[in-house]
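Peer 1: Each protein sequence line maps, in turn, to chains H and A. Numbering of the first sequence is given in our numbering, commencing with residue 135 and proceeding in unit increments. Numbering of the second sequence is given in our numbering, commencing with residue 4 and proceeding in unit increments.
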Amino acid sequence: MAMKYNWDWSVVLCRAPEGVATGTGGSAAQLPGGTSAFAGGAAQTFDTGAHCAQPYFDWIVSGLGWTVVVSVFAWVIAFSVGSVIGVSRTLDQPWVRRGATTYVELFRNVPLLVQMFLWFFVVPELLPKETGYFLKRQLPLPEYWTAIVCLGFYHASRTAEQVRAGIEAIPRGQTYAALAMGLTPAQVYRYVLLPVSYRIIIPPLTSDFMGIFKNSSVALTIGVLELTAQSRQIAEYTFNIFEVFTVTTVLYILITLIVSTIMRFVEKRLHIPGTIALGGN
Amino acid sequence: MFGAFDYQVVIRNLHILWDGMQITFLLTGVAIVGGILFGTVLALMRLSRFMVLSFVAGRYVDAFRSTPLILVIFWFYFAVPIVVGQPIGDLYSVLIAFTLFEAAYYCEIIRAGIQSIRMPQIHAGLALGLTRWQTTKNIVLPQAFRNMVPVLLTQAIVLFQDTSLVYVVGLKDFLTAADLVAARDNRVVELYLFTAIVYFLLCWLGSLLVKRLQRQYAI
Chain H
135 MAMKYNWDWS VVLCRAPEGV ATGTGGSAAQ LPGGTSAFAG GAAQTFDTGA HCAQPYFDWI
195 VSGLGWTVVV SVFAWVIAFS VGSVIGVSRT LDQPWVRRGA TTYVELFRNV PLLVQMFLWF
255 FVVPELLPKE TGYFLKRQLP LPEYWTAIVC LGFYHASRTA EQVRAGIEAI PRGQTYAALA
315 MGLTPAQVYR YVLLPVSYRI IIPPLTSDFM GIFKNSSVAL TIGVLELTAQ SRQIAEYTFN
375 IFEVFTVTTV LYILITLIVS TIMRFVEKRL HIPGTIALGG N
Chain A
4 MFGAFDYQVV IRNLHILWDG MQITFLLTGV AIVGGILFGT VLALMRLSRF MVLSFVAGRY
64 VDAFRSTPLI LVIFWFYFAV PIVVGQPIGD LYSVLIAFTL FEAAYYCEII RAGIQSIRMP
124 QIHAGLALGL TRWQTTKNIV LPQAFRNMVP VLLTQAIVLF QDTSLVYVVG LKDFLTAADL
184 VAARDNRVVE LYLFTAIVYF LLCWLGSLLV KRLQRQYAI
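1. Check the Cβ of A/Thr157 against every Cβ in chain H and list those closer than 8 Å, keeping chain order.
2. Going by C-alpha distance, which of A/Val152, A/Gly173, A/Gly61 is nearest A/Gln219?
3. Of all the residues that make up the segment 176–206 of chain A, which are near chain H by a beta-carbon distance shorter than 7 Å?
4. If we define contact as Cβ-Cβ less than 8 Å, is H/Leu359 a contact residue for chain A?
5. From A/Met54 to A/Phe79, what does the alpha carbon distance come to, in whole angstroms?
6. List, in order along the chain, the chain A residues whose C-beta lies closer than 9 Å to that of H/Glu264?
7. Just how far apart, CA to CA, sit H/Arg223 and H/Ile356?
8. Excluding sequence positions up to five away, which residues of its chain have a Cβ less than 6 Å from the Cβ of A/Val59?
9. Assign A/Lys175 to one of two classes, buried (16 or more other C-beta atoms within 10 Å of its C-beta) or exposed (fewer than that).
10. Quick check: the segment 27–39 of chain A against the segment 152–171 of chain A, are at least 3 beta-carbon pairs closer than 8 Å?
11. Determine, using beta carbons only, whether H/Val203 comes closer than 8 Å to chain A.
12. Nearest chain A C-beta to H/Tyr139 closer than 8 Å, yes or no?
13. Can you give me the Cβ contacts of H/Ser217 inside the same chain, cut-off strictly under 6 Å, excluding the 5 residues immediately before and after it?
14. Going by other Cβ atoms of all chains shown within 10 Å of its Cβ, with 16 needed for buried, is H/Arg403 buried or exposed?
15. Jot down the residue ranges of each uninterrupted alpha helix (DSSP H) in the segment 316–356 of chain H, minimum 4 residues, whole runs only, in chain order.
16. Let me confirm a value: A/Asp9 is counted as buried when at least 16 other C-beta atoms fall within 10 Å, else exposed. Which label applies?
17. Can you list the residues of chain A that H/Thr383 reaches, using a CB-CB cut of under 8 Å?
18. Can you give the Cα-Cα distance for A/Ile113 and A/Gly61, rounded to whole angstroms?
19. Is there at least one Cβ from chain A nearer than 8 Å to H/Lys348's Cβ?
20. Does the beta-carbon distance from H/Val238 to H/Ala294 come in below 8 Å?
21. Quick check on DSSP: helix, strand or coil for H/Gln188?
22. Any Cβ of chain A within less than 8 Å of the Cβ of H/Glu295?
23. From what residue to what residue does the alpha helix (DSSP H) around A/Cys110 run?
24. How would you list, in chain order, the residues of chain H whose beta-carbon sits under 8 Å from the beta-carbon of A/Gln89?
25. By Cβ distance below 8 Å, which residues in the same chain neighbour H/Ile282 in space, the five residues on each side in sequence not counted?
26. Any contact between the segment 97–104 of chain A and the segment 69–76 of chain A? By contact I mean 3 or more CB pairs, one from each, below 8 Å.
27. For H/Val215 versus H/Val381, is the C-beta spacing smaller than 8 Å?
28. Return the residue from the list A/Ala147, A/Leu205, A/Thr179 that minimises the CA-CA distance to A/Ile19.
29. Considering Cα atoms alone, identify which of A/Thr198, A/Asp93, A/Gly209, A/Arg52 is closest to A/Val161.
30. Anything in the segment 81–113 of chain A with a Cβ closer than 9 Å to a Cβ of chain H? List those residues in chain order, please.
31. Would you call the segment 335–345 of chain H and the segment 383–403 of chain H in contact, with 3 or more CB pairs under 8 Å?
32. Chain A partners of H/Asn374, CB-CB under 8 Å?
33. If you compare alpha carbons, which of H/Ile304, H/Pro274, H/Glu264, H/Arg242 is closest to H/Val292?
34. At the level of alpha carbons, what is the spacing between A/Asp65 and A/Leu50?
35. Taking the straight line between their C-alpha atoms, what separation do you get for H/Pro329 and A/Asn150?
36. Kindly list the residues whose CB is nearer than 8 Å to the CB of H/Gln321, restricted to its own chain and excluding five residues on each side of it in sequence; keep chain order.
Following this line, the structure appears as structure tokens:
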């Protein structure tokens, strides 16, 4: 099939001219990073013949950096909130359990993109006036904070389910034994249930982290210039879509491979002898 | 803030939202059917004795599962018109993207379902004189799909939520329709809350259905 297309792999290597500072912050500031999903398309500087009109390589690097930063911070929230919710679902108090279950149902049954909009557009309106004003006008990089919080709380519902499954996989006898030895319920969780369950659920937690990493691309809808957003921007500037998207896709696959290789090693080190690991891949 | 809360705006624009919801349903339906069909082919390829087939299917699944859905949507949105040589419209490029993307996830579910069928059943089928394909078609797949119904439905709920991502290419699904009304009437709070409630109710009812089926379909 004859395709009308000018291949040019060098666009992805375009660097800024000497002396012009670009970096993670620089390229985020110099671009019209509005709240619209079409922020990139609105800019009028198309690359018509003038090769390397923009430092596309630096855009990709900056996008990759933001993807990693947003994912890691979101994971910290997901892990801590998810652990609390997951533990709550295994407690004896019915109202604590019901609260935790409601959290999981709520955050699992609303699409991530809708949650992103709720955090970014709706929450500041429903808060007291000063707080809302702070979130919208005074907080630096509001899109980035919103994306981290939203992704974190969204994935916490998934982490909670893994933590709960891990705790429930431990035979009840261990809890009874620990209680009989005089440990308080809190100590039973701290010293018996949690250390074992975290070790069991490493594989599903790993695929959860990959989920956060991939879902961080949803943040582009509120103006976060992460990897996917930057690659779309370059695609719209240069029309060299195959080259740009190939590079981005390869980067995502590479990071997935690296993380899963590291985690397989960690999993082997922390494997509890005589057990079969729980689910996941 | 609640003083200015105007729920009438939702009622006034219900027809626009319903048009959007129909696109969402269409996307979900096509992606489920296409995804399961192509996913079954991929799963059979992965379990095939021919190394080439299982290798190709394996790499396909790995690649799609480590790429964000939004990036896949962009790929097809930008690249398909160039490959085909003419514009094909948002809807078709998105339909292709969803079908191919979901097939990778369905493949893994179906593969697990097929592997849950015990080997002696296959041996018995072959011993009775059935060909390999007849054994697969008449013995393995019917039982595998019966085992898989709850997981397939759970994936369908995930897929239903994922279709909201077509917002990034401006296809008028339920969320995009709500977003357009919100921007036009400056009623962001009401419309996004309404969208969230509708998605929540549909997905929550779906998950209750899955729980019931899980009890009914257990072999």
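The beta carbon of each residue, even a glycine, is placed where N, CA and C say it ideally should be. Everything numeric in this text was worked out from a predicted model, so none of it was measured.
Peer 2: By the coordinates alone:
1. In the second sequence, residue 157 of chain A corresponds to position 154, counting from 1. Close to A/Thr157, with beta-carbon spacing below 8 Å, lies no residue of chain H; the smallest spacing is near 10 Å.
2. Position 216 of the second sequence, counted from the first residue, corresponds to residue 219 of chain A. A/Val152 is the residue among A/Val152, A/Gly173, A/Gly61 whose C-alpha sits nearest the C-alpha of A/Gln219.
3. If you check each beta-carbon in the segment 176–206 of chain A against every beta-carbon of chain H, the ones closer than 7 Å belong to Leu178, Val191, Val192, Tyr195, Leu196, Thr198, Ala199, Tyr202, Phe203, Cys206.
4. Within the first sequence, the letter at position 225 stands for residue 359 of chain H. Contact of H/Leu359 with chain A is not assigned, every C-beta pair being separated by 8 Å or more.
5. Translated into the one-based positions of the second sequence, residue 54 of chain A becomes position 51. Translated into the one-based positions of the second sequence, residue 79 of chain A becomes position 76. Their Cα atoms are separated by approximately 29 Å.
6. For the purposes of this step, residue 264 of chain H is taken as residue 130 along the first sequence, with counting starting at 1. Within 9 Å Cβ-Cβ: nothing; H/Glu264 doesn't reach chain A, min ~13 Å.
7. Looking up residue 223 of chain H in the first sequence gives position 89. Looking up residue 356 of chain H in the first sequence gives position 222. The alpha-carbon atoms of H/Arg223 and H/Ile356 are separated by roughly 33 Å.
8. Walking along the second sequence from the start, residue 59 of chain A turns up at place 56. Hits under 6 Å: none found.
9. Taking the first residue of the second sequence as position 1, residue 175 of chain A is located at position 172. It counts as buried.
10. Contact between the segment 152–171 of chain A and the segment 27–39 of chain A is present: 3 or more CB-CB pairs across the two stretches fall below 8 Å.
11. Taking the first sequence and counting its residues from 1, one reaches residue 203 of chain H at position 69. Cβ-Cβ to chain A under 8 Å: no for H/Val203.
12. As a working mapping, residue 139 of chain H is identified with position 5 in the first sequence. It does: the Cβ of H/Tyr139 has a partner Cβ on chain A nearer than 8 Å.
13. The residue you call residue 217 of chain H lines up with position 83 of the first sequence. Cβ within range, chain order: Val297.
14. The count along the first sequence starts at 1 and reaches residue 403 of chain H at position 269. With fewer than 16 other Cβ atoms within 10 Å, it is exposed.
15. Residue ranges of uninterrupted alpha helix (DSSP H) with 4 or more members, entirely inside the segment 316–356 of chain H and ordered along the chain, are 328–334, 336–349.
16. As a first step, residue 9 of chain A must be located in the second sequence, where it is residue number 6. A/Asp9 comes out exposed.
17. As a working mapping, residue 383 of chain H is identified with position 249 in the first sequence. Ordered by position in chain A, the residues that pass the 8 Å Cβ test against H/Thr383 are Ala66, Thr70, Leu74, Trp78.
18. On the second sequence, position 110 is the one that residue 113 of chain A refers to. On the second sequence, position 58 is the one that residue 61 of chain A refers to. If I take the Cα positions, the gap works out to 13 Å.
19. Position 214 of the first sequence, counted from the start, is the residue given in the question as residue 348 of chain H. It does: the Cβ of H/Lys348 has a partner Cβ on chain A nearer than 8 Å.
20. As a working note, residue 238 of chain H is residue 104 in the first sequence. As a working note, residue 294 of chain H is residue 160 in the first sequence. The criterion of a C-beta distance shorter than 8 Å is satisfied by H/Val238 and H/Ala294.
21. Counting from 1 along the first sequence, the entry for residue 188 of chain H is found at position 54. Three-state DSSP puts H/Gln188 in coil, outside helix and strand.
22. Here residue 295 of chain H refers to the residue found at position 161 of the first sequence. Closer than 8 Å: no.
23. For this step, residue 110 of chain A is matched to residue 107 along the second sequence. It spans 93–118 - the alpha helix (DSSP H) in which A/Cys110 sits, taken as one unbroken run.
24. Along the second sequence, one-based indexing puts residue 89 of chain A at 86. Under the 8 Å cutoff, chain H gives no residues; its nearest Cβ is about 11 Å from A/Gln89.
25. Taking the first sequence and counting its residues from 1, the one referred to as residue 282 of chain H is at position 148. Val204, Phe207, Ala208, Ile211, listed in sequence order.
26. Yes, since at least three Cβ pairs between the segment 97–104 of chain A and the segment 69–76 of chain A fall closer than 8 Å, the two stretches touch.
27. Mapped onto the first sequence, residue 215 of chain H falls at position 81. Mapped onto the first sequence, residue 381 of chain H falls at position 247. No, Cβ-Cβ distance for H/Val215 and H/Val381 is not below 8 Å.
28. Walking along the second sequence from the start, residue 19 of chain A turns up at place 16. The option with the nearest alpha carbon to A/Ile19 is A/Thr179.
29. Here the question's residue 161 of chain A lines up with position 158 in the second sequence. Of the listed residues, the one whose Cα sits closest to A/Val161 is A/Gly209.
30. Phe81, Ala82, Ile85, Val86, Val87, Gly88, Glu111
31. Counting C-beta pairs closer than 8 Å gives three or more between the segment 335–345 of chain H and the segment 383–403 of chain H, which meets the contact rule.
32. Along the first sequence, read from residue 1 onward, the residue named residue 374 of chain H stands at position 240. Residues of chain A with a Cβ closer than 8 Å to the Cβ of H/Asn374 do not exist, since the nearest Cβ in that chain sits about 10 Å away.
33. As a first step, residue 292 of chain H must be located in the first sequence, where it is residue number 158. According to the sequence shown, residue 292 of chain H is Arg rather than Val. It is H/Arg242 whose Cα lies nearest to the Cα of H/Arg292.
34. The count along the second sequence starts at 1 and reaches residue 65 of chain A at position 62. The count along the second sequence starts at 1 and reaches residue 50 of chain A at position 47. Approximately 15 Å, taken between the alpha carbons.
35. Translated into positions along the first sequence, residue 329 of chain H becomes position 195. Translated into positions along the second sequence, residue 150 of chain A becomes position 147. Rounded to whole angstroms, H/Pro329 to A/Asn150 spans 33 Å at the Cα level.
36. The residue given as residue 321 of chain H occupies position 187 in the first sequence. Excluding sequence neighbours, H/Gln321 sits near Ala312.
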